[in-house]
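Novice: Shown below is the structure under consideration.
Number of protein chains: 2
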Amino acid sequence: MSLLVQKFGGTSVGTVERIKAVAEKVAAFRQQGHDIVVAVSAMSGETNRLIALSEGIATPREMDVLVSTGEQVTISLLSMALNTLGCPAVSYTGSQVRILTDSAHTKARIKRIDEGNIRADLAEGKVVVVAGFQGTDEAGNITTLGRGGSDTTAVALAAALKADECQIYTDVDGVYTTDPRVVASAQRLDRITFEEMLEMASLGSKVLQIRAVEFAGKYNVPLRVLHSFQDGPGTLICLEEKTTMEAPAISGIAFNRDEAKLTVLGVPDIPGVAYKILGPISEANIEVDVIVQNVADDKTTDLTFTVHRNDMKRAATILEATASELGAREVKTDDKIAKLSLVGVGMRSHAGIASQMFRALADVSINILLITTSEIKISVVVDEKFLELGVRALHTAFGLDAESAAESTGE
Amino acid sequence: MSLLVQKFGGTSVGTVERIKAVAEKVAAFRQQGHDIVVAVSAMSGETNRLIALSEGIATPREMDVLVSTGEQVTISLLSMALNTLGCPAVSYTGSQVRILTDSAHTKARIKRIDEGNIRADLAEGKVVVVAGFQGTDEAGNITTLGRGGSDTTAVALAAALKADECQIYTDVDGVYTTDPRVVASAQRLDRITFEEMLEMASLGSKVLQIRAVEFAGKYNVPLRVLHSFQDGPGTLICLEEKTTMEAPAISGIAFNRDEAKLTVLGVPDIPGVAYKILGPISEANIEVDVIVQNVADDKTTDLTFTVHRNDMKRAATILEATASELGAREVKTDDKIAKLSLVGVGMRSHAGIASQMFRALADVSINILLITTSEIKISVVVDEKFLELGVRALHTAFGLDAESAAESTGE
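Going down the list, the protein sequences come from chains L and A.
Positions 1 to 411 (my numbering) are the ones given, in order, by the first sequence.
Positions 1001 to 1411 (my numbering) are the ones given, in order, by the second sequence.
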């Protein structure tokens, strides 16, 4: 008998019929003897409807009062549906729990969860249904965690209750070695570490909120990604990969094509030059991803960085000004790029992963424009048109192809 | 400078545009230097929409969690609209105030209001916007006061804060001597006592919730009924009528045609017979209004009572059984009746009001079927078809016609 925290998002509770289906699922777990806490989002579309009402008059404190009604509707309906199935359930708003946050309205952070009331209800055999995405500050004001915050609520509840598992129900049946729309032979991973999941998430696998994964890693809450309406084991995200004899070096291949690359050539190679170039970019609230600096000759250097494509023009204008100030030779931009990343805690102990990667790309004649590495990730930037080809080549080269799929394609 | 509690119902806040109009009205009062607490209902239609979602699965505790979101949406939007007008405002749910109630979900009663936070916000010059209709029990569960409970919230807030006036904004500009749709010369009353208002309300003048008027009377909270979007003094409901030399005996004429009359004839006239007849009716949850008993001859009596028309058939079935048990002669029913009532604290000290009433009805040839009296009310039941004629005759006989209207109709 375990204590499980289960999170259902807006699509999973998008209609009263779906809420009833979720209730059946939850009741079945309860029937098996598990203690269950459920965290839910607002019914899909509801948050947008509420935000539309406040158009032109929105203020942060009252916005939280307004949008927090969305989850409140869901918790009441799900609790009713569970009670109707003969499964005793009780709802809690964030304030009722109380999920204590700071006072940063519309983007609050959780400080503490008083879990006493929930424990008492669990002890009485009740399913506890908690409104995701919301809390209360010390003064009793309603706060929200910002969009997508229901994952964070679920993980925070699991951490506070020392739950055996935090299950995130989604519209996919797990985390894959890469995007199955690009590589047909992509495989669902049984397990992945928090670190790997963070790299996968930040590189475009939008299964989970990054903040929730960080939170889960920090408090070592085993997270499982599952499909809301299909059975299956999903993917477990946990502290360390199961050590087996043949632990694979690579867990998956992430990619994105949202970025653009900016290069400033022939900058005087003096201390503080990187700060002089990137400081104004960051002051303009433009997020920088990859940063690569190479020495070009004795006196000058080249610096390249990537930003979101939407920010490229703004970044270029700022960079032109900085470049002429520093006496740099030239500024180049390119928004036809893609980033491919190998992710895996296994690469820490396996030499030669990088060279294996570069060789696999060379074998299909892909030119590498930039390279960056971290402990569990190697990323390369290539011409956008090589994205699919590159991902497939790497997927095969690192042995990630599902066997049946590999057989069917004759490999 | 006064402390005012202002209540706006669902129609007054039915759209975002109307909420903005209410905000302008409230801001204008604040501009005049008054301290303002506003109690609001859910936007019209919202409560029904929420109830519809819960069809077939509703449970009382969760129903309160669900429907209380309706007022929460209104308080946030009204506070936003006030802030946007430069009028500082802050919203409170019932739990945030805290409006402490008993735990009778969907029909809770207010036990106490903690007014400390509201006072602090008023002292800072803020308008305080409170969700009507809702509260919290000792354990922190969300409760609601039942439909129409926002009037009660407003009065309770006014009592707790010792407000100078509780203003109920509605879709009428005050309380009238009778229904202006029946008598064109009906006049708006400047003042009326709580007792009179109770008699008027319970007899079909649906301007205010009875419970709110009782509450206001108990705590002596001056209540004023006003039009939401038209200027005017409205009607003040207060403890005792202003004593003038010529205080009118009658404040108004109430009526209804929702009732049916049941008579049991020839019942043995022995102690406990009224209980034997009415006990089973009340056990069936049928509300009885008028009860009249007359001695018919030495050994038997006749008993007549009225119930809501919708309950007549059920009541008749029960009464038939009782009648045959008691050996009564006959049961008669009639649902083509109307009740007319004169209401006025002045009649306490004026003899002859009753005979003046009966004469006025006789003058237009209306036969009286039943008569009941109380300290400040005389009611007669007549054939339904005489309702309008009777109301007009009484309105004129007791000098309630507006002069201009009287002139224009040549009276």
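Heads up, the beta-carbon is just placed ideally off N, CA and C, and yes, glycines get one too.
On a predicted model such as this, the values are computed, not experimentally measured, just so you know.
Where does Asn-285(L) land, buried or exposed, given buried means 16+ other C-beta within 10 angstroms?
Specialist: Under a 10 Å Cβ-count criterion, Asn-285(L) is classified as exposed, with fewer than 16 other Cβ atoms of the shown protein chains found around its own Cβ.
Novice: Following the continuous alpha helix (DSSP H) through Ala-154(L), name the residue where it begins and the one where it ends.
Specialist: 150 to 161
Novice: When the cut-off is 8 Å and only beta carbons count, does Gln-134(L) lie next to chain A?
Specialist: no
Novice: Using a beta-carbon distance cut-off of less than 8 Å, what residues from the region 71 to 105 of chain L approach chain A?
Specialist: Gln-72, Val-73, Ile-75, Ser-76, Leu-77, Ser-79, Met-80, Ala-81, Asn-83, Thr-84, Val-90, Ser-91, Thr-93, Ser-95 and Gln-96
Novice: Measuring CB atoms only, is the region 1034 to 1049 of chain A touching the region 1098 to 1107 of chain A, in the sense that at least three cross pairs come out at less than 8 Å?
Specialist: no
Novice: Touching or not, the region 191 to 201 of chain L and the region 130 to 142 of chain L, by the rule of three or more beta carbon pairs under 8 Å?
Specialist: no
Novice: What's the gap between the Cα of Thr-300(L) and the Cα of Asp-334(L)?
Specialist: 22 Å
Novice: What's the gap between the Cα of Leu-223(L) and the Cα of Thr-153(L)?
Specialist: 13 Å
Novice: Mind checking who Phe-133(L) pairs with in its DSSP beta bridge?
Specialist: Phe-133(L) pairs with nothing; no bridge assigned.
Novice: Note down, in chain order, each residue of its chain lying with its Cβ closer than 6 Å to the Cβ of Leu-239(L), except the 5 sequence neighbours on either side.
Specialist: Asn-220
Novice: Taking just the CA atoms, how far does Ala-184(L) sit from Glu-403(L)?
Specialist: 11 Å
Novice: Does the beta carbon of Thr-69(L) sit closer than 8 Å to a beta carbon anywhere in chain A?
Specialist: Under the Cβ distance rule, Thr-69(L) counts among the residues neighbouring chain A, one pair being separated by less than 8 Å.
Novice: Is the CB of Thr-1011(A) under 8 Å away from at least one CB in chain L?
Specialist: no
Novice: Under 8 Å, with one C-beta from each stretch per pair, do the region 314 to 322 of chain L and the region 273 to 289 of chain L reach the 3-pair mark?
Specialist: yes
Novice: Keeping to the same chain, check which residues put their C-beta closer than 6 Å to that of Ala-397(L); ignore five residues upstream and five downstream.
Specialist: Ala-360
Novice: Counting only beta-carbon separations shorter than 8 Å, does Ile-1113(A) have a partner in chain L?
Specialist: Interface with chain L (8 Å Cβ-Cβ cutoff): Ile-1113(A) is excluded.
Novice: What are the residues that DSSP puts in a beta bridge with Val-381(L)?
Specialist: Answer is Lys-339(L) and Leu-370(L).
Novice: Does the beta carbon of Gly-140(L) come closer than 8 Å to any beta carbon on chain C?
Specialist: Looking for chain C here will not work: the only protein chains present are L and A.
Novice: At a CB-CB cut-off below 8 Å, which residues of chain A make contact with Ala-58(L)?
Specialist: Met-1080
Novice: According to a CB-to-CB cut-off of less than 8 Å, which residues of the region 12 to 27 of chain L neighbour chain A?
Specialist: Val-16 and Lys-20
Novice: How should His-350(L) be labelled, buried or exposed, when 16 other C-beta atoms within 10 angstroms of its C-beta is the threshold for buried?
Specialist: Classification for His-350(L): exposed.
Novice: Which residue wins for smallest C-alpha separation from Asp-1289(A), given the options Ile-1270(A), Ala-1260(A), Phe-1133(A) and Leu-1342(A)?
Specialist: Ala-1260(A)
Novice: If we ignore side chains and look at the alpha-carbon of each, how far apart do Arg-1030(A) and Glu-1024(A) end up?
Specialist: C-alpha of Arg-1030(A) to C-alpha of Glu-1024(A): approximately 10 Å in a straight line.
Novice: Please tell me whether Leu-189(L) has its Cβ less than 8 Å away from any Cβ of chain A.
Specialist: no
Novice: Taking only beta-carbon positions, decide if Glu-1124(A) is within less than 8 Å of chain L.
Specialist: no
Novice: Which value, in whole angstroms, describes the spacing of the CA atoms of Ala-405(L) and Leu-189(L)?
Specialist: Model confidence at Ala-405(L) stands at a pLDDT of 45, short of 50, so the residue's coordinates are unreliable; what they give is reported in the following sentence. Approximately 15 Å, taken between the alpha carbons.
Novice: My output table needs one value for Phe-1008(A): the three-state DSSP class, helix, strand or coil.
Specialist: strand
Novice: Beta carbon of Leu-340(L), beta carbon of Gly-390(L): below 8 Å?
Specialist: yes
Novice: Nearest-angstrom Cα distance between Ser-12(L) and Val-155(L)?
Specialist: Going from the Cα of Ser-12(L) to the Cα of Val-155(L) covers about 18 Å.
Novice: Are there 16 or more other CB atoms within 10 angstroms of the CB of Val-364(L), so buried, or fewer, so exposed?
Specialist: exposed
Novice: By Cβ distance, which residues of its chain are closer than 6 Å to Ser-1103(A), with the 5 residues on each side in sequence left out?
Specialist: Asp-1137
Novice: Classify Asn-83(L) as buried or exposed, calling it buried when 16 or more other Cβ atoms lie within 10 Å of its own Cβ.
Specialist: buried
Novice: Where does Arg-61(L) land, buried or exposed, given buried means 16+ other C-beta within 10 angstroms?
Specialist: Flag for Arg-61(L) reads buried.
Novice: Using 8 Å for Cβ pairs, my map puts Phe-8(L) next to Val-38(L). What's the rounded Cβ distance?
Specialist: 7 Å
Novice: I'd like to check one pair, Lys-1336(A) with Asp-1383(A): are the Cβ atoms closer than 8 Å?
Specialist: yes
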